[in-house]
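If you're matching positions, the sequence shown starts at 15 in this note's numbering and goes up one per residue. Everything below concerns the one structure shown next.
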Amino acid sequence: MTKRARLPLNAALVAGGILTALLVVTALVSLAWTPEVPTRVRVALRLKAPGEVGFLGTDHFGRDVASLLMVGAWNSLAIAWPAVLLGAAIGTAIGCAAAAWKGLADEIAMRVSDVVFAFPAVLSAIMIGALVGSGPLAAILAIAVFNVPVFARVTRGVALQVWTLDYIAAARAIGKHPLRITWEDVMPNIAGALIVQVTIQLALAILTEAGLSYLGLGVRPPNPSWGRMLSDAQTYLSQAPHLAIAPGIAIALSVLGLNLLGDGLRDALDPTLKGRGAGA
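So this is what it looks like as structure tokens:
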């Protein structure tokens, strides 16, 4: 019997996997159950401390903070995931084309990426919001546009290394089309690097989504959002600091978990790093 390949475990991969799994499970559970209805207003119970009413208290409308956090996790992922995947798909296609054809195509792709990369996600969200209106769609498109040049550059860099290998030269010598080479030979060899980049960009996307919602450019009220919760909490910092602490910790743990997961996957998938821990 042949042994199945196993991904080498390391501390970052385990810790990141646990935190990321907690985020995803919380988001999925919120679709079926929350301690309270997140949008339920109870003025008589406003600004209650954690443990006094509910596990994490209530906000200035008397809404349950724990329920808001759970639904906010889903709303963050519902924006971050499609935005990163859309940006990754377009950026990967551009990067692969630049690496395959080089020359003028490479130069044009990289210069366009430089121009797009010069616009931060917040500015892109403002411009897109002026066209389609502020909301989740504008946030998704803004984060996706920001991710396109990132993935284009990463893909181009790793793909160019693969194109220098002997078996690629052999494939070109027998007349194999560049598109077929890219799909059959290049993509499988750069998939690991792209997966790592997706996890890292997903962390940045969650942080960006929170910032956009904080500015009113993301999730629209009354839909819960971690960024919106932080925005609402700034008025009540002295009276109810838990309103800012809870979403702040949620954002920090989510970003930390995805960054650790990305670092762990990079170390596990990079053959040059295997065995380094054992030899140290």
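A virtual CB, placed ideally from N, CA and C, is assigned to each residue, including glycine. In this text the structure is predicted, and so the values were computed from the model without any measurement.
Simplified DSSP state of residue i, which is helix, strand or coil
{"i": "K17", "result": "For K17, the predicted model reports a pLDDT of 49, less than 50, meaning its position is unreliable and no value from the coordinates is stated."}
{"i": "T34", "result": "helix"}
{"i": "T72", "result": "strand"}
{"i": "A153", "result": "helix"}
Cβ-Cβ separation, residue j to residue i (assumed contact under 8 Å), whole Å
{"i": "C110", "j": "T53", "result": "Going by Cβ atoms, the distance from C110 to T53 rounds to 44 Å, so no, they are not a contact pair."}
{"i": "L83", "j": "Q253", "result": "With 8 Å as the limit, L83 and Q253 do not qualify as a contact, their Cβ atoms being about 19 Å apart."}
{"i": "W88", "j": "S44", "result": "5 Å"}
{"i": "V269", "j": "I214", "result": "With 8 Å as the limit, V269 and I214 do not qualify as a contact, their Cβ atoms being about 10 Å apart."}
{"i": "A132", "j": "R170", "result": "With 8 Å as the limit, A132 and R170 do not qualify as a contact, their Cβ atoms being about 18 Å apart."}
{"i": "A166", "j": "A123", "result": "6 Å"}
Residue nearest to residue i in terms of C-alpha spacing, selected from the options
{"i": "A153", "options": "W240, A25, G232", "result": "G232"}
{"i": "L229", "options": "H191, M243, V79", "result": "M243"}
{"i": "Y250", "options": "T48, R56, H74", "result": "H74"}
{"i": "A68", "options": "V57, S81, A58", "result": "Ala is not the amino acid found at residue 68; the sequence shown has Gly there. G68 has its Cα closest to that of S81, out of V57, S81, A58."}
{"i": "V162", "options": "V212, G31, A29", "result": "V212"}
{"i": "P49", "options": "V38, L37, T72, V28", "result": "T72"}
{"i": "I209", "options": "A29, A102, Y181, A58", "result": "A102"}
{"i": "V129", "options": "A107, V164, A114", "result": "V164"}
{"i": "A58", "options": "D78, V39, L42, W47", "result": "D78"}
{"i": "V51", "options": "D277, W177, P236", "result": "P236"}
{"i": "L37", "options": "T106, I108, S90, D199", "result": "S90"}
{"i": "A264", "options": "A224, G31, V168, L155", "result": "A224"}
{"i": "T178", "options": "G189, V168, D199, R194", "result": "D199"}
{"i": "R234", "options": "G143, L218, P192", "result": "G143"}
{"i": "P96", "options": "T40, R125, L155", "result": "L155"}
{"i": "L151", "options": "A92, Y181, I182", "result": "A92"}
Own chain residues within Cβ distance below 6 Å of residue i, not counting five before or after
{"i": "G86", "result": "P238, S239, W240"}
{"i": "L216", "result": "A94, V98, L272"}
{"i": "S159", "result": "First, the residue type needs correcting, since residue 159 is Val and not Ser in the sequence shown. Cβ within range, chain order: S138."}
{"i": "V172", "result": "I204, A207"}
{"i": "T222", "result": "A135, I157"}
{"i": "I104", "result": "V162"}
{"i": "L226", "result": "A139, A153, G232"}
{"i": "G278", "result": "N24, A26, L27, G30"}
{"i": "L174", "result": "A113"}
{"i": "G289", "result": "A caution first: G289 carries a pLDDT of 45, below 50, which makes its placement in the model unreliable, though a value can still be read off. Counting only Cβ-Cβ distances below 6 Å, and skipping sequence neighbours, we find nothing."}
{"i": "A294", "result": "Residue placement at A294 cannot be trusted, given a pLDDT of 37 that sits under 50; the coordinates are not used to answer."}
{"i": "V192", "result": "A small correction: the amino acid at residue 192 is Pro; Val does not occupy that position in the sequence shown. Closer than 6 Å at the Cβ level, and outside the excluded window around P192, lie A114."}
Chain-order list of residues whose beta-carbon lies under 8 Å from that of residue i (same chain, five-residue window excluded)
{"i": "G262", "result": "L244"}
{"i": "M201", "result": "C110"}
{"i": "R56", "result": "T72, F75, G76, R77"}
Residues near residue i in its chain [Cβ-Cβ closer than 7 Å; skip 5 each side]
{"i": "T34", "result": "G271, L272, L275"}
{"i": "T16", "result": "Here T16 scores only 46 on pLDDT, less than 50, and its place in the model is too uncertain to base an answer on."}
{"i": "P64", "result": "L70, G71, H256"}
{"i": "L267", "result": "L33"}
{"i": "G31", "result": "L275"}
{"i": "A260", "result": "L70, V79, L83"}
{"i": "G149", "result": "R234"}
Proximity test, Cβ basis, 8 Å: residue i and chain C
{"i": "A80", "result": "Protein chains in the displayed structure number just one, and chain C is not present."}
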